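Visitor: After the structure tokens below, expect a handful of questions from me.
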Amino acid sequence: MKQPQAIGAEFFERPAARVARDLIGAQLVRRLDQRILSFRITETEAYEGVHDLASHSSRGRTARNEVMFGPAGHFYIYRIYGLHWMLNVVTGKLGEAAAVLIRGVEGISGPGRVALALGIEASLRGMPASPASGLWFGYPEQNDKPKIKRTPRIGVDYAGPIWANKKLRFVRI
DNA sequence: GCAGTGATCATA
DNA sequence: ATGATCACTGCC
1 MKQPQAIGAE FFERPAARVA RDLIGAQLVR RLDQRILSFR ITETEAYEGV HDLASHSSRG
61 RTARNEVMFG PAGHFYIYRI YGLHWMLNVV TGKLGEAAAV LIRGVEGISG PGRVALALGI
121 EASLRGMPAS PASGLWFGYP EQNDKPKIKR TPRIGVDYAG PIWANKKLRF VRI
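Residue 4 in the working numbering sits at position 4 of the first sequence; the count goes up by one each step and never skips.
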């Protein structure tokens with residue numbers, strides 16, 4: 001099966017909201033054993049830099065989030081509630097510490113279920129999105145122009161009303 | 001609505 | 001060392 005061209009690192013060297021929007025309709029591709037799984041992305045969230053009170057990076061650099069402070073196009077992966085893996089890709093300038101969370105792909109809703117379906121685990125932390133790492137993004141179909149809706153992000157009330165209400169979640173409609 | 005789950009981080 | 005928190009999910 002022919003795969004779309006892999007999206008390179010420069011795509012991610014832009015503001016998180018732009019990347020999050022442009023990833024809707026793109027492919028998320030995983031190589032597991034010798035198999036290639038490919039899913040169309042349907043839902044993302046942007047987490048801006050250290051000024052974004054909903055972003056992990058706003059509470060400073062720690063062992064968990066240090067990948068966020070590194071180069072764009074690498075995976076920020078962490079575990080939440082002791083069981084669910086969250087898949088993010090770092091965006092923006094080096095040290096900006098922004099990222100995009102992959103919340104949903106076609107047929108699969110919820111970030112934990114996305115990670116489960118793709119076999120995401122700790123060994124991918126900090127790896128670049130590329131065929132060499134076994135997990136990467138592919139450009140959307142040329143004639144696929146999805147309608148996109150913007151809403152507040154899910155589960156970030158702890159950030160306070162200003163940041164919790166910003167429309168940084170992108171959903172294919 | 002809410003329990004489960006355990007890594008992570010601040011505090012000490 | 002201890003305790004609170006958590007970018008969630010599944011079942012009621």
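Glycine is no exception: its CB is placed at the ideal position from the N, C-alpha and C atoms.
Quantities reported herein were computed from a predicted structural model and do not represent experimental measurements.
What number of angstroms, rounded off, separates the C-alpha of residue 25 from the C-alpha of residue 160?
Guide: 30 Å
Visitor: Leaving out the 5 sequence neighbours to the left and right, which residues in its chain are closer than 6 Å to residue 118 when beta-carbon positions are compared?
Guide: The beta carbon of residue 118 is closer than 6 Å to those of 30 in its chain, skipping five residues each way along the sequence.
Visitor: When you compare each of 153, 172 and 171 to residue 165 by their alpha carbons, which one comes out closest?
Guide: 153
Visitor: So who's on the other strand from residue 85, going by DSSP bridges?
Guide: 79
Visitor: Counting only the same chain and skipping the five closest in sequence on each side, list residues whose C-beta sits under 7 Å from that of residue 142.
Guide: In its own chain, leaving out the 5 sequence neighbours on each side, no residue places its CB closer than 7 Å to the CB of residue 142.
Visitor: Our contact map puts residue 77 next to residue 108 with C-beta atoms below 8 Å; I'd like the distance itself, whole angstroms only.
Guide: Going by Cβ atoms, the distance from residue 77 to residue 108 rounds to 17 Å, so no, they are not a contact pair.
Visitor: Once DSSP output is grouped into helix, strand and coil, what is the label at residue 23?
Guide: helix
Visitor: Exposed or buried, which one is residue 51 when buried takes at least 16 other CB atoms within 10 Å?
Guide: Per the 10 Å Cβ criterion, exposed.
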